[in-house]
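Asker: Got a structure for you, questions after.
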Amino acid sequence: MKKMIPDFKKMSEQENKITMLTAYDFPTARIMEKAGVDVILVGDSLGMVVLGYDSTVPVTMEDMLHHAKAVRRGAPNTFMIVDMPYLTYARPEDALRNAGRLMQEGGADAVKLEGGEEYREIVSFLTKAGIPVVGHIGLTPQTAGLLGGYKVQGTEIHSASKLLRDAGMLAQAGVFMLVLEAIPALLAAKITQSISVPTIGIGAGNQCDGQVLVIHDMIGASDKTVPTFVKQYAMIEPLIVDAVQKYCEEVKDRAFPSDKHSFSMKQEVLSKLT
Ligand code: KIV
Ligand code: NA
1 MKKMIPDFKK MSEQENKITM LTAYDFPTAR IMEKAGVDVI LVGDSLGMVV LGYDSTVPVT
61 MEDMLHHAKA VRRGAPNTFM IVDMPYLTYA RPEDALRNAG RLMQEGGADA VKLEGGEEYR
121 EIVSFLTKAG IPVVGHIGLT PQTAGLLGGY KVQGTEIHSA SKLLRDAGML AQAGVFMLVL
181 EAIPALLAAK ITQSISVPTI GIGAGNQCDG QVLVIHDMIG ASDKTVPTFV KQYAMIEPLI
241 VDAVQKYCEE VKDRAFPSDK HSFSMKQEVL SKLT
């Protein structure tokens with residue numbers, strides 16, 4: 001059964017961990033629903049993982065809508081969060097229009113946006129308008145340049161206390177869930193204890209209320225090195241390379257297609273052909 005927003009709070013109170021993975025297309029979404037993942041995230045990691053950009057900055061509303069719709073078709077009964085792309089939520093009116101599109105056209109159950117304290121008014125504005133919002137702090141890929149690259153955040157007192165404050169303010173502004181990316185496990189534990197909103201960690205230790213990973217990373221679907229916080233549960237890229245190479249060889253060798261993969265015709269029909 002599809003989970004709803006109050007279920008996540010209940011799960012965190014009952015210490016029942018929330019499972020989340022990204023998906024960007026119909027077949028992957030179908031697999032996730034079959035496997036019983038609690039939440040699907042249509043992340044703007046789409047840009048890097050599927051569209052081949054080297055950051056999430058070029059991702060557009062049209063990209064997110066296109067992929068969110070496909071995911072929704074593959075997983076009609078799974079809670080789906082869709083990321084708001086870079087610069088689509090900097091002003092309240094834009095944020096409302098774009099979040100509204102992700103909900104109405106994209107089929108999202110909630111939207112996620114990156115940023116702390118600076119986004120409390122946007123979050124509060126969206127929430128009051130009836131849009132469920134997920135926060136995302138720590139390593140925020142859309143502004144990775146400002147953070148000095150893709151690296152752990154909140155290891156010093158100044159940055160750690162900012163993240164703790166950000167979490168509290170976002171919770172107050174109305175987020176119903178908060179993603180913590182690439183921060184020390186102890187800081188993530190402290191944030192998780194200090195707010196009543198469920199936290200979802202990625203590179204944030206095991207004291208968060210749930211976990212999220214990028215699907216391509218955790219199944220080894222690319223030959224890129226993955227961040228150290230990723231556990232690879234499968235390595236599918238070499239399997240696919242192998243299959244494609246075998247196919248090419250067999251076509252060259254005329255081993256494929258064999259009779260088994262061809263259609264037959266009666267000899268008498270053939271003999272009547274002029
Ligand atoms: O875009 C994404 O995949 C994300 C997760 C890594 C949290 O935002
Ligand atoms: Na994202």
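By UniProt numbering, the letter at position 54 of the sequence shown is numbered 54, and the numbering carries on one by one without gaps. Even for Gly, the Cβ is constructed at its ideal location relative to N, Cα and C.
Under 7 Å from any heavy atom of the ligand KIV, does the C-beta of residue 81 make it?
Answerer: Residue 81: no, Cβ never under 7 Å from the ligand KIV.
Asker: Residue 244 by DSSP, collapsed to three states: which one?
Answerer: Note: residue 244 maps to helix in three-state DSSP.
Asker: Based on the DSSP secondary-structure assignment, which residues constitute the bridge partners of residue 83?
Answerer: Partner(s): 112.
Asker: Tell me the DSSP secondary structure of residue 122 in three-state form.
Answerer: Correct three-state label for residue 122: helix.
Asker: Where residue 151 and residue 52 are concerned, what is the direct C-alpha to C-alpha distance, given to the nearest angstrom?
Answerer: Cα-Cα distance, rounded: 21 Å.
Asker: Among the candidates 237, 142, 13 and 82, whose CA atom is the shortest distance from the CA of residue 55?
Answerer: Looking at the Cα atoms, 142 is the closest of the given residues.
Asker: Would you list the one or two residues that DSSP bridges to residue 22?
Answerer: The partner list for residue 22 (beta bridge, DSSP) reads 41.
Asker: Suppose only complete runs of 4+ residues qualify. What are the alpha helix (DSSP H) ranges in the region 169-245, listed by chain order?
Answerer: Whole alpha helix (DSSP H) segments, 4+ residues: 185-194 and 215-218.
Asker: Return the chain-ordered list of same chain residues with a C-beta closer than 6 Å to the C-beta of residue 140, the five sequence neighbours on each side being excluded.
Answerer: So the qualifying residues of the chain are 114.
Asker: Below 8 Å on the Cβ atoms is my contact criterion, and I expect residue 168 with residue 188 to pass it. Report the Cβ-Cβ distance as a whole number of Å.
Answerer: The Cβ separation is near 14 Å, so there is no contact.
Asker: Assign residue 186 to buried or exposed, taking buried as 16 or more other Cβ atoms, counted over all protein chains shown, within 10 Å of its Cβ.
Answerer: Burial call: exposed.
Asker: Starting from residue 5, trace the alpha helix (DSSP H) in both directions and tell me its first and last residue.
Answerer: It spans 5-13 - the alpha helix (DSSP H) in which residue 5 sits, taken as one unbroken run.
Asker: Between the C-alpha atoms of residue 49 and residue 122, what's the straight-line distance to the nearest angstrom?
Answerer: The alpha-carbon atoms of residue 49 and residue 122 are separated by roughly 28 Å.
Asker: Taking all protein chains shown into account, do 16 or more other C-beta atoms lie within 10 angstroms of the C-beta of residue 77, making it buried, or fewer, making it exposed?
Answerer: When all chains shown are included, residue 77 counts as exposed.
Asker: Looking at residue 181: is its Cβ nearer than 8 Å to the Cβ of residue 149?
Answerer: No; because the gap between Cβ atoms is not below 8 Å, this pair is not in contact.
Asker: How far does the alpha helix (DSSP H) with residue 67 in it reach, from first residue to last?
Answerer: Residue 67 -> alpha helix (DSSP H) spans 61-74.
Asker: For a test of your reading of the model: does the CB of residue 43 fall under 7 Å from any non-hydrogen atom of the ligand NA? Yes or no.
Answerer: At least one heavy atom of the ligand NA is nearer than 7 Å to the Cβ of residue 43, so yes.
Asker: Figure out for me which residue from 59, 8, 172 and 67 has the closest Cα to the Cα of residue 27.
Answerer: For the residues 59, 8, 172 and 67, the minimum Cα distance to residue 27 belongs to 67.
Asker: Can you tell me whether residue 148 is helix, strand or coil according to DSSP?
Answerer: In this structure, residue 148 counts as coil in the three-state DSSP scheme.
Asker: Is DSSP giving residue 131 helix, strand or coil here?
Answerer: Residue state, collapsed to three classes: coil.
Asker: Looking at the structure shown, is residue 154 part of a helix, part of a strand, or coil, going by DSSP?
Answerer: The answer is coil: DSSP assigns residue 154 none of H, G, I, E or B.
Asker: What three-state label does DSSP hand residue 107 in the structure shown?
Answerer: Residue state, collapsed to three classes: coil.
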